[in-house]
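First to last, the protein sequences are chains A, B, C and D.
All residue numbers for the first sequence refer to this note's numbering, where the first residue is 1 and numbers rise by one.
All residue numbers for the second sequence refer to this note's numbering, where the first residue is 343 and numbers rise by one.
All residue numbers for the third sequence refer to this note's numbering, where the first residue is 685 and numbers rise by one.
All residue numbers for the fourth sequence refer to this note's numbering, where the first residue is 1013 and numbers rise by one.
For every residue, glycine included, the Cβ atom is placed at its ideal position computed from N, Cα and C.
Here is the structure we will look at.
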Amino acid sequence: MTGTIVKSNERKLTIARSMAEALAQEMRIDPTVFVMGEDIGTLGGVYGNTRGLIEEFGPERVRDTPISETGFIGAAVGAAQDGMRPVVELMFVDFFGVCFDAIYNLMAKNIYFSGGHLKVPMVLMTSTGGGYSDGGQHSQCLYGTFAHLPGMKVVAPSNAYDAKGLMTAALRDDSPVVYMYHKGLQGMGWLGTEPGATVHVPEDSYTVEIGKAKVVREGRDVTIVSLGIGVHHALKAADTLAQQNVSAEVVDLRSLVPLDRDTIRASVAKTGRLIVVDEDYHSFGVSAEVIASVVEHDLSVLKAAPVRVAYPDVPIPYARVMEQFCLPSPAKIVAAWAQMAA
Amino acid sequence: MTGTIVKSNERKLTIARSMAEALAQEMRIDPTVFVMGEDIGTLGGVYGNTRGLIEEFGPERVRDTPISETGFIGAAVGAAQDGMRPVVELMFVDFFGVCFDAIYNLMAKNIYFSGGHLKVPMVLMTSTGGGYSDGGQHSQCLYGTFAHLPGMKVVAPSNAYDAKGLMTAALRDDSPVVYMYHKGLQGMGWLGTEPGATVHVPEDSYTVEIGKAKVVREGRDVTIVSLGIGVHHALKAADTLAQQNVSAEVVDLRSLVPLDRDTIRASVAKTGRLIVVDEDYHSFGVSAEVIASVVEHDLSVLKAAPVRVAYPDVPIPYARVMEQFCLPSPAKIVAAWAQMAA
Amino acid sequence: MTPSRDELAWMYRNMVLSRRLEETISKIYFEGKTPVFNMANGPIPGEMHLSNGQEPVAVGVCAHLTAEDIVTATHRPHHQAIAKGVDLDAMVAEIFGKATGLSGGRGGHMHLFDPKVNFACSGIIAQGLGPAVGAALSRKLRGLPGVAVAFLGDGAANQGAFHEAMNLAAVWKLPFVCVIEDNSWGISVPKSASTAVARNDVRAAAYGIPGHYVAGNDPLAIYEVAGEAIARARAGAGPTLIECETYRLAGHFMGDAEGYRPKGEKEALFAADPIPKMRARLLAEFGFSEDELVAAEGAAADRVAAAIRFARDSADPRPEDALTAVFA
Amino acid sequence: MTPSRDELAWMYRNMVLSRRLEETISKIYFEGKTPVFNMANGPIPGEMHLSNGQEPVAVGVCAHLTAEDIVTATHRPHHQAIAKGVDLDAMVAEIFGKATGLSGGRGGHMHLFDPKVNFACSGIIAQGLGPAVGAALSRKLRGLPGVAVAFLGDGAANQGAFHEAMNLAAVWKLPFVCVIEDNSWGISVPKSASTAVARNDVRAAAYGIPGHYVAGNDPLAIYEVAGEAIARARAGAGPTLIECETYRLAGHFMGDAEGYRPKGEKEALFAADPIPKMRARLLAEFGFSEDELVAAEGAAADRVAAAIRFARDSADPRPEDALTAVFA
Ligand SMILES: Cc1ncc(C[n+]2csc(CCOP(=O)(O)OP(=O)(O)O)c2C)c(N)n1
Ligand SMILES: Cc1ncc(C[n+]2csc(CCOP(=O)(O)OP(=O)(O)O)c2C)c(N)n1
Ligand SMILES: [Mg+2]
Ligand SMILES: [Mg+2]
C-alpha cells in the first residue's frame, strides 16, 4: 500500500487471509465470537475469508447454515442481544433483498429501540463487486444502500492491512458493523486479484478505527475519493496524472458509516478539486454524498465542478464488453480530470 | 395547490380517492389491470387508495393476499411478464426488507435481463412517512433506497391532481413504477392530513408525465426542492420567507426516477441558492443527489452553500417530542435560509 | 400437566392485569382524539393493537418461563409482556412515550424491550422468530439454561421468516418453541383466505417436529401443551410448534371499524370471553373464593392505576435525545 | 402413466443434447483460463453451474409441457432450458455474451429468458417461485390454458420465498407445480445439515396439497409423477409439490474442488449416470435400436456444434448498448 514501507522479508497477506486471521485471533481470546453462514465451514467461505476456522474451532462455532438468510441473520441478532458476538456472512451483497428486514430493521435498530439497554455486537460480512462477468444478481456493490440506513456501521477495506484492522475493530464493537469486501481485492486466484490489495499485515492483533478515512497518496491538484477497489483505480490514475504533472491526492474512505467528512473536506480544501470514484450505482449513492458533504460545508474551496466516476444507473450486464464499459477505471478517472481541467 | 386556480364548485379529492379513481378508470378500460395486497379488498386499503374497487370489480381482480410480500410481489412480476398489469401494495414502505429481492432483483431487472424482450408493466404502491408516532418500523420514507437501484421508476405525488395523473401514467407504463404516497397527505382523517394535498381533480382520465418535476411556486432568491409532504413544508416556508421579502421558488420533484435534473438546475441557475427538503434519512439519499446534480453540472450558479433539511441519521423514535424534533418542518426551512444568508 | 393453585392464581392475576391495562389504555387512547379521531394526537399516539381476549395464550405459555427464558412477541404484545414480567411502570411509560419508559420513549408500544426479563417485541410480521432462535442458539452454544419462545399471529405463519426460522431451529435442535396465536384474522383478511391449511400445527411436519393445536382459547389446555413443549425444549429434545385458538375482542388496532367481521361475531366472542370463564372455573373447580378473586381484581386495578400515574407523571424525553442511543 | 415411444425418444434426445452441450461448454470454459484459472477470462466468463446428471428431472417434467406453459428455473438452468425448447443458438450465444444471445448478452448463463417458450431462470435461490405462481394466476384470471412449473434445488426449499409461494399457490388453487431437484448438496453443505426433514415432499402437508418424492433419478418415474401433477393442475385441482432425487456429477460451479464430497461419492454417481441407464433401458425394454440411439447422439452432437459455431461467429454486443433496455 502506498505510504507503507514494506520490508522485503515482511509477511504479505491477501484480504481473505487477513480477514480469517483477525477472526481466528478474536475467537481465541473471546469465546463468544462465532461465525455463521453458507459454506463458511468445510469450504472456508466461497471467498476464503473463513478458511481454517472450522479446523481450529469446530463446527459449533463455525457453523454452516441452510440457505435461509432471514433466519440466520435474524438469529445472529438474537444471539448478539443474548451476549454472543456473532459474525454472519451474506455470501453476495446482492442477496440482501431476501433478508434486509433482519439487517436494517432488527440488527440496525434494536440498540435504539431498546433505548441503548441492549448491545448488538455483530458483524455482517458480505462480498461486493463485479468485473468478472457474473451477471446482474452477483456483481453489485450497494454501498449506498447500506450506508443510507441508520444504525449500522459500514466499512469497506481496500487492502489487507486495513482488512485485518477493521475486522478486529468490528469484532470488538458493541454495535453492528457491515463489513463489505470486494471480490476483486480478495486474493482468490479464481477471481483474479488486484495486487495492490495484498500488503504487509502484522501478525499481532491490531485495530483500524472505524470511521476514519486515510489519505493514501498525497497530492496538490485534485482529490480523488474512493473506497474498496476504486482506491486502486485512483492510485493508478494518480500515477498516470503524475506523468502529466498533475498531483492527485487519494482518499480511501475505509468507512462509509461513520463517514469521515473531515478528512474529505480537508483534502478538497487543499486541492480545490474533487473526483469521486464508486463502483456502486451513480445516483442517490456514495458519490453524491461525498460531493454534497463538501459543498454544503464550504462551497468556496472548489475551483471546478466535482466529477463522479460511478456505475451507470443500469443493471449489471453479463457480457464482458458491456460490463467493462460500465465499470469505473483508471482511464475514466484520468478522463474526469481532463473534463475538469478543460 | 399553488398555481392552480380552483373554482369554488370544482370537485376536490383526497389523494386516497384520486388514486382509487385512477385505478377504477383504468380497470374499466383495461381488463388486464388487477390489484393485489394486504387488506386492499374488503377494507379498501388501510390508506383508502383501493376503496370501492372490490365492490365494482370483485375479489378476483381486487385480491386480498396472505402476509407474504415476497410471494405476491414475485407473483405480480410473473403476471406482468405474462401479459397482465398488476398493481401491488406494500402496506408500509418499511416492510420492503422482507421482499426487496422480488422488487429490486426481479421487478426492476427482468426487462434488462431479457434484453428488452419482456415488459414488466406493474405498479408497486407503498405508503411512506411519519409524524404520527408510529415508531421506527412504520414511519420511514426510504425514497433514496428505492431511487438508488436501477430499473424501476419512482414517483411520489404531493397532491391529488398529480396523484391521479401519475397513477394513470404508471398503469399505462410498460416498465415497473414504484408509487410512494405519503400517509400525511393521504386524506385519511385518522392520520390527520395536509389540506394542501386535497385539490381539484378532473373526473376524466389524464396522465402526469413520469420524470417531470414542477415548479409549484416561482421565486427569485432561493430554490427549495422537495417531494411529497416536504413540498407543503416548502410552500409554507415560502409564505413565511415572503414576509421577510425573500422570494422562494419551490420545485416539486414528483418523480425521483427519472430525476428531472433540468428543472432543478434551471431553477437554481435562476435563484443561485438551494435548499433540499427530504423526510428520508439525511446521508446517501435524495438530498445529496439533488445537491450533487446541481454542482457537478455548473458550480458557478451557486451563491451560497446548499443546505439540506432532512431526517437525521437515526431510527425514527416513537415519542412525539423526539419525532417532531427530527422531522423537517417549515421552521427548519426558514432557519436554513437564515443560515445560508448569514 | 395441571397448574398448581399458585400457578392458577398467577395466571388469573396476569390475565386480569393485562385486561385491566388494556381497558384503561383504550380509554386514555381517545383523550385528545375526540371529536376528531387523529392517531397522532393525545397522550398515547400512534397505532394501538390490543390483545383483549388473547390473554390465555400469554399466561398458558409464560407460566412455564422464568426471567432467564427469552420471549419475542409481536405488534400485539401487551399480554405477553405482562406475563413475562416486564416492568409495568416502565412499559406503560414507554407506551406514553416518556423518558422513564423502557427505552426512554424511542420504542413505543410495538417496540417494548426489557432485557432484564429477556422480552422483546417488534412491528414486522414474523420478525421475532429469528432473534428467538438465535437466543436459543446462544444458550445452546454456551451450555446455559433457557428456552426461547416466539409468539406470532396466524397471519404471520405465511411469512417466509417463519419457515426459515422453524427449519433452522429444527435442524439445529434448539431449545425453542413457536406459539401461534390464531385469532382467525390478519387485519381484515380471514385465515381461511390466507392460509392454505385450516390449522398451522400441521406445518410442524415440514420441520420434523411435534405440532399441536389447542382449541377453545383455554388457558389450562394451553398451559398443558406449552408445558410439555417447554420441558421438551429444556431437555434438549428440540423445538415444538403450537397453534392456539384465541380471539381478539377489539379491532385490529384502535380506530378499526371492523366492518369485515361477519354479523354476530363480536357478540359471540364477548360471550366466550376467557376471563369470566376462567373466573367461573376457579370458583367451581379449583376452590378459589370470591374474595380471593375480587382481591386479585382489585390489586390489578391498583397496579394499573399506579403504572398509569407513573407514566402520566413522568417527564417527556428531551427532544434532542432522539439523536442518542443509535450505537452502543 | 408411461411415455409413448415418441416421448421416450424426445426424452433421450434432450438428455443427450443437454449433456453434450455441457460437456462442450465445460471444455470451452477453460479456454483462456489456463494455466491460471481466472473466472473473468475466456470466451465464457463468470460462474458456470452445470446440470450434468440432473437431466432426468428436466425431461421427465417438461415432456408434459408445451411452449405456452411456463417454466422458471434456477442458477443451474441448462437442462431445463433445453427441455423447455429454448432456442439453442440464442441460448448458447447468450452464454457466450454475444449480441445474438437471447438478451443480447445482458443476462448470461444465470439469466436466460425466452418469452417465446415462456422460460426464465435467475440467480437468487428460490426466486423463480413467485413469478411462476404469478404466471399461473395470470392464466387463471384470464381463463387461459397453461401450467406453471418452478424448479428449485433442495437447498432452496429452506428459503422463505419457497414457503410464501407454495402457500399462495395452494390458497388460490393455481395451476402450478413445484419441482425440487434434490441433488443432496447446496454448494458444500449437505441436505442433512440444512433441511430438517429428509425429504421435502412432506412439506406439501403445510399447504394441504399432494406431495411426492421420486427416488432413483429415473426419468420414467419422474415422467409419471410429474404427468399426474401437471394434469391435476390443468384440471383446476391446484398445485403439487414434487421432490426428485438426482445427482450433480460436476462441482457446484466450474472450478469447485469438491473437497466436501465424501470419498467415493463421485465414482458412485458416475456409475449411476442416468444417461447410459436410460440408453440401456431404451434398448432392452422399449425396442429402440442401437442405430436409432447413435443417430440421436450424433444429431445432438451436430446440434451443439452448430450452436457453438453460431455463438463463436456472432459479434460482441456494442459496449454502449449496456445502457439500453433498462426500461420497456
Ligand atoms: C411484513 C409485514 N407485512 C405486513 C404488516 C402489516 N400488518 C401488521 S399486523 C398485520 C396482521 C397480522 O395478522 P396476524 O399475524 O394474524 O396477527 P394479529 O394481528 O391477528 O394478532 C399486518 C398485515 C407488517 N407489520 N409486516
Ligand atoms: C438467496 C441466495 N442465497 C445464497 C445464494 C448462493 N447460492 C447459489 S447456489 C447455492 C446452493 C443452492 O443449492 P440448491 O438449492 O440445492 O441448488 P443446487 O445448486 O444444488 O442445484 C447457493 C447457496 C443465492 N444465489 N441466493
Ligand atoms: Mg391473526
Ligand atoms: Mg442441491
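The beta strand (DSSP E) with residue i in it runs from where to where?
i                      : result
residue 34 (chain A)   : 33-37
residue 469 (chain B)  : 465-470
residue 255 (chain A)  : 255-257
residue 153 (chain A)  : 153-155
residue 86 (chain A)   : 85-92
residue 650 (chain B)  : 649-653
residue 214 (chain A)  : 214-217
residue 1256 (chain D) : 1252-1257
I need the straight-line Cα distance from residue i to residue j, nearest angstrom please.
i                      : j                      : result
residue 227 (chain A)  : residue 235 (chain A)  : 11 Å
residue 2 (chain A)    : residue 216 (chain A)  : Unreliable placement is indicated for residue 2 (chain A), whose pLDDT of 42 sits below 50; the coordinate value is still reported in the next sentence. Distance between the alpha carbons of residue 2 (chain A) and residue 216 (chain A) is about 6 Å.
residue 931 (chain C)  : residue 945 (chain C)  : 12 Å
residue 139 (chain A)  : residue 784 (chain C)  : 47 Å
residue 664 (chain B)  : residue 795 (chain C)  : 15 Å
residue 586 (chain B)  : residue 1339 (chain D) : 46 Å
residue 1031 (chain D) : residue 837 (chain C)  : 48 Å
residue 787 (chain C)  : residue 940 (chain C)  : 28 Å
residue 203 (chain A)  : residue 860 (chain C)  : 41 Å
residue 179 (chain A)  : residue 1198 (chain D) : 24 Å
residue 936 (chain C)  : residue 1225 (chain D) : 41 Å
residue 699 (chain C)  : residue 753 (chain C)  : 20 Å
residue 690 (chain C)  : residue 77 (chain A)   : 35 Å
residue 769 (chain C)  : residue 988 (chain C)  : 14 Å
Inspect the beta-carbon positions of residue i and residue j and report whether they are closer than 8 Å.
i                      : j                      : result
residue 336 (chain A)  : residue 301 (chain A)  : no
residue 408 (chain B)  : residue 1170 (chain D) : no
residue 1183 (chain D) : residue 878 (chain C)  : yes
residue 626 (chain B)  : residue 238 (chain A)  : no
residue 634 (chain B)  : residue 288 (chain A)  : yes
residue 1388 (chain D) : residue 1161 (chain D) : Absent from the structure is residue 1388 (chain D), since the part of chain D shown begins at 1013 and ends at 1340.
residue 491 (chain B)  : residue 450 (chain B)  : yes
residue 411 (chain B)  : residue 437 (chain B)  : yes
residue 638 (chain B)  : residue 304 (chain A)  : no
residue 695 (chain C)  : residue 911 (chain C)  : no
residue 1058 (chain D) : residue 134 (chain A)  : yes
residue 282 (chain A)  : residue 313 (chain A)  : yes
residue 1252 (chain D) : residue 1222 (chain D) : yes
residue 248 (chain A)  : residue 229 (chain A)  : no
residue 124 (chain A)  : residue 98 (chain A)   : no
I'd like the span of the alpha helix (DSSP H) that includes residue i, first residue to last.
i                      : result
residue 1316 (chain D) : 1302-1325
residue 143 (chain A)  : 143-148
Contact check, residue i vs residue j under 8 Å by CB: the rounded distance?
i                      : j                      : result
residue 1085 (chain D) : residue 1092 (chain D) : 4 Å
residue 459 (chain B)  : residue 1127 (chain D) : 5 Å
residue 307 (chain A)  : residue 340 (chain A)  : 6 Å
Scan the region 1148-1173 of chain D for residues whose Cβ lies nearer than 8 Å to a Cβ of chain A and list them as they occur along the chain. 1167, 1168, 1170, 1171, 1172, 1173
Listed from N- to C-terminal order along the chain, which residues in the region 283-305 of chain A have their beta-carbon within a distance smaller than 8 Å of any beta-carbon of chain B? 283, 284, 285, 286, 287, 288, 289, 291, 292, 293, 295, 296, 297, 298, 299, 302, 304, 305
Select from the region 1113-1133 of chain D all residues with a C-beta closer than 7 Å to any C-beta belonging to chain B, and list them in chain order. 1114, 1115, 1116, 1118, 1119, 1123, 1125, 1127
Taking beta-carbon pairs under 7 Å, can you tell me which members of the region 706-718 of chain C lie near chain B? none
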